[in-house]
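Just so you know, the sequences run in chain order A and B. Note that numbering that gives the first Met the number 0 gives residue 351 to position 352 of the first sequence, counting from 1, and the numbers run on in steps of one. Note that numbering that gives the first Met the number 0 gives residue 111 to position 112 of the second sequence, counting from 1, and the numbers run on in steps of one. Heads up, the beta-carbon is just placed ideally off N, CA and C, and yes, glycines get one too. Please read the structure below before turning to the comments.
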Amino acid sequence: MGKFEDSWKGVFEQAEAIPSDSVWSGIDGALEGGEMKKRLVFYQRVAAAAVLFALLVGGYEIYRWTDDNRVSQFSFTKKSQNNNSQIESGLNKEEAKNSNQKSDSKNEGEQSSLTKENENENNLSATLTENSKQSKKTEQIPATKDNDEREVLTKSKNENNSTFENYFQSDVKYVSANDEVTLQLLPGPEVKGKPVVKEFIRKLPAIPAAFMADTRRDKTPNENVWASLTASSGSYNPNMGNSSVYSAGNNSSIGTSYSMSMLGGARIAKNWTLQSGIQYLNQSINGSSYASSSYSLATVAGALTVPGLYNLSPGLAPVNVMSTSEFVSVPVQAGYLIVNRKFGWQVNSGVSTDFFIRNTLSDGQRQSFTQSAGSDSPYRSVNFSGLMSSEVSYKLSQHYRISLVPGFRYSFNPMLKSSANTSGNPWLWDFGFRFKYIFK
Amino acid sequence: MLSETDLVSRCAKGERAAQRMLYDRYCRKLMAVCLRYARSTPEAEDILQEGFVKIFNSLKNFRFESKLDTWMIRIVINTALNSQRQKLYLMPMVDVQDSGLQEDEKISLADFHFSELVALIQTLPDGCRIVFNLFAIEGYGHKEIATMLGISEGTSKSQYNRAKTLLRAKLEKSKVNYGKI
Numbered sequence: 000m001g002k003f004e005d006s007w008k009g010v011f012e013q014a015e016a017i018p019s020d021s022v023w024s025g026i027d028g029a030l031e032g033g034e035m036k037k038r039l040v041f042y043q044r045v046a047a048a049a050v051l052f053a054l055l056v057g058g059y060e061i062y063r064w065t066d067d068n069r070v071s072q073f074s075f076t077k078k079s080q081n082n083n084s085q086i087e088s089g090l091n092k093e094e095a096k097n098s099n100q101k102s103d104s105k106n107e108g109e110q111s112s113l114t115k116e117n118e119n120e121n122n123l124s125a126t127l128t129e130n131s132k133q134s135k136k137t138e139q140i141p142a143t144k145d146n147d148e149r150e151v152l153t154k155s156k157n158e159n160n161s162t163f164e165n166y167f168q169s170d171v172k173y174v175s176a177n178d179e180v181t182l183q184l185l186p187g188p189e190v191k192g193k194p195v196v197k198e199f200i201r202k203l204p205a206i207p208a209a210f211m212a213d214t215r216r217d218k219t220p221n222e223n224v225w226a227s228l229t230a231s232s233g234s235y236n237p238n239m240g241n242s243s244v245y246s247a248g249n250n251s252s253i254g255t256s257y258s259m260s261m262l263g264g265a266r267i268a269k270n271w272t273l274q275s276g277i278q279y280l281n282q283s284i285n286g287s288s289y290a291s292s293s294y295s296l297a298t299v300a301g302a303l304t305v306p307g308l309y310n311l312s313p314g315l316a317p318v319n320v321m322s323t324s325e326f327v328s329v330p331v332q333a334g335y336l337i338v339n340r341k342f343g344w345q346v347n348s349g350v351s352t353d354f355f356i357r358n359t360l361s362d363g364q365r366q367s368f369t370q371s372a373g374s375d376s377p378y379r380s381v382n383f384s385g386l387m388s389s390e391v392s393y394k395l396s397q398h399y400r401i402s403l404v405p406g407f408r409y410s411f412n413p414m415l416k417s418s419a420n421t422s423g424n425p426w427l428w429d430f431g432f433r434f435k436y437i438f439k
Numbered sequence: 000m001l002s003e004t005d006l007v008s009r010c011a012k013g014e015r016a017a018q019r020m021l022y023d024r025y026c027r028k029l030m031a032v033c034l035r036y037a038r039s040t041p042e043a044e045d046i047l048q049e050g051f052v053k054i055f056n057s058l059k060n061f062r063f064e065s066k067l068d069t070w071m072i073r074i075v076i077n078t079a080l081n082s083q084r085q086k087l088y089l090m091p092m093v094d095v096q097d098s099g100l101q102e103d104e105k106i107s108l109a110d111f112h113f114s115e116l117v118a119l120i121q122t123l124p125d126g127c128r129i130v131f132n133l134f135a136i137e138g139y140g141h142k143e144i145a146t147m148l149g150i151s152e153g154t155s156k157s158q159y160n161r162a163k164t165l166l167r168a169k170l171e172k173s174k175v176n177y178g179k180i
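Here it is as structure tokens:
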């Protein structure tokens, strides 16, 4: 910078000038106005919010009032000065009555209403009634002569502007269609002719979402009819009391069983199923007996099944004897679905009819002795058993489901006929694998 | 007497008494600044009033990173520029020819009263006056002035030279001795 600039800078560096008093007045006013403006803006906003709130509340109240009025405006009155029957509109043809009623004049102002209701075979005839403070005019209106008997409901004379529902709670006066009724009208042209029927269709407000039908997808699998194949094996207890023949020190009172079944089922209720089919049951038990070493299996069989038939004495070394019983069973089971999703859990209970096929005794020397059902057989031809099982399943696809089925079977009667040796009721535990095909 | 910090904090809270105290302390200095930028005393007072209102509204943001009077002067200058901007828009500054004055001319202003010099500056055209104030007295460079005013650097230089020429002529006319620069 040159000296020219320096000289000018030097002149104005410490320069001062006195402003007039109006400057501070202006500043003061501007600051005050600014604060006022802020306050004003605040109150403006509060006022705007209050107006908006009032509009919202008012609008809502108007909406509600309008909505309520639509219901309450349908009122029905009748007035009669001279012991005339009231104006009524009918509803139920089975409750027709004749009535006449005196009514007091009403000084509450005009009340007019019109209503109509259709109910299947019966028509509600709507009539126009009005009450007047000053004068009342009545008119005789002949009853209609429709084939359908028509009855009317009347509104209690002391009620004002009752809602449509109140009509059903108020005094009910019935007149038959043949009775003449009197209309009370405002001064004006007389109403002639049949009552005018007006139909009102009420437009209902939108149904709130809470009342909408639940359209959520139902995750419950839709399995109504199915067929299944089951293979099971487990432990079997024949509960045979005749251990003397088997006793060689190595008696095994628990045998083994296996079964194959083919069942069909259907869902009979939301969580209930019913299934039945056919089952092959094989129950075998091992035992060692001295008897078979000295006696034929037939003898052993006789000793096993007929008490006192043979008194077998211990022979040489004991020999293993296997007794195998075979049945064809027809189970009928009801099931309850505890969990019915992709994973399922069902408990089944039922009964089965077990048809005895045969019993086979066999030893290690390839000898066997078979006894079948029949009148000569010591074995019962038909047995009944109770069934109980739990089915845990997994749905592979729309049509396939696999299950694990632990179960228990208890025979209600011994295998042997009552004339045979006393023995308990056999029972078995088994564990099965089920493959189910779902038709629909 | 209140310290500058206390004064500022009270003014920021809106205490009118403190604001009056601050005004009384600095109004004369700022008035001298406004007189340089305005064309008349009433206009200078308007700029001063508007400037002080902005100062009081902005005091809460003042962090004492610079001197208070420097900060206030800057606000007043900006206020003056804002009030002049419209005039500058209507009469845009253009390059003017160099006056041809020799740089070695000395100019002595000692014989002039402050009010006379202010009057001389106020007679300058708006653009020349503003550029002269910003360059010669405030110490801004032409590049900064160009940015502030939205003009080119060349325009700023030419406007300043124009101002210099006019001032010298007026001083000459007032029969003042020039010293060599």
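Taking K435 of chain A as the centre and dropping the five residues before and after it, the same chain places the C-beta of W225, S227, R400 closer than 6 Å to its C-beta, in chain order. Of the other Cβ atoms in all chains shown, 16 or more fall within 10 Å of the Cβ of Q18 of chain B; this residue is therefore buried. Contact holds between the segment 7-25 of chain A and the segment 28-36 of chain B, because three or more Cβ pairs, one in each stretch, are under 8 Å apart.
Bounds of the beta strand (DSSP E) holding V381 of chain A are 381-394. F51 of chain B is positioned such that its CB atom lies closer than 8 Å to that of I26 of chain A. The beta carbon of W23 of chain A sits closer than 8 Å to some beta carbon of chain B.
Annotation: the continuous alpha helix (DSSP H) that includes P41 of chain B extends over 40-57. Secondary structure of R357 of chain A (DSSP, three-state): strand.
For I136 of chain B, the C-beta contacts it makes with chain A under 9 Å involve E4, W7, K8, V10, F11, E12, in order along the chain. The beta carbon of F326 of chain A sits closer than 7 Å to those of L280, D353, F354, F355, I356, all from its chain and outside the five residues before and after it, given in chain order. One Cα belongs to G276 of chain A, the other to S260 of chain A, and the distance between them is close to 7 Å. For K435 of chain A, the enclosing beta strand (DSSP E) has its first and last residue at 426-437.
In this structure, the alpha-carbon of I284 of chain A lies about 11 Å from that of T359 of chain A. Among the residues facing chain A, V52 of chain B is included, as its CB has a counterpart in that chain under 8 Å away. An exposed status is given to M35 of chain A, since fewer than 16 other beta-carbon atoms sit within 10 Å of its beta-carbon. Here DSSP, grouped into helix, strand and coil, assigns V329 of chain A to strand. Taking a contact as a CB-CB distance under 8 Å, the pair T255 of chain A and S231 of chain A does not count as one, their CB atoms being some 11 Å apart.
Looking at the backbone, the Cα of S39 of chain B and that of A47 of chain A are separated by about 45 Å. Shortest Cα-Cα distance from W428 of chain A to any of A:R63, A:N236, A:S371 involves A:N236. Inter-residue distance for S367 of chain A and S384 of chain A is about 28 Å (C-alpha atoms, whole angstroms). Take the alpha-carbon of I337 of chain A and the one of G431 of chain A: they are about 19 Å apart. Counting only residues of its own chain and dropping the five nearest sequence neighbours on each side, E3 of chain B has a CB closer than 7 Å to the CB of L67. Looking at the backbone, the Cα of S322 of chain A and that of G264 of chain A are separated by about 33 Å. Cβ proximity to chain A below 7 Å picks out K28, M30, A31, L34, R35, E44, L47, Q48 from the segment 28-50 of chain B. The beta-carbon distance between N132 of chain B and R35 of chain B, rounded to whole angstroms, is 5 Å. This is short enough to meet the 8 Å contact definition.
The residue from B:D5, B:I129, B:A16 with its alpha-carbon nearest to that of Q158 of chain B is B:I129.
With a beta-carbon spacing of about 17 Å, A79 of chain B and A118 of chain B fall beyond the 8 Å limit used to define contacts. DSSP, read as helix, strand or coil, puts F111 of chain B in coil. Annotation for V404 of chain A: S388, E390, G431, R433 place their beta carbon closer than 6 Å to its own, counting only its chain and skipping 5 residues before and after. Closest in C-alpha terms to Q282 of chain A, from the list A:K197, A:S328, A:N223, comes A:S328. Only G13, R15, Q18, R19, Y22 from the segment 8-22 of chain B bring a Cβ to less than 9 Å from some Cβ of chain A. By the neighbour-count criterion, in which a residue is buried when 16 or more other Cβ atoms sit within 10 angstroms of its Cβ, Y59 of chain A is exposed. Chain-ordered, the chain A residues with CB closer than 8 Å to the CB of K163 of chain B read F3. Here Q397 of chain A is exposed. Its C-beta has fewer than 16 other C-beta atoms within 10 Å. By the CB criterion at 8 Å, Y393 of chain A and K341 of chain A fall inside the cutoff. Collapsing the DSSP output to three states places I72 of chain B in a helix.
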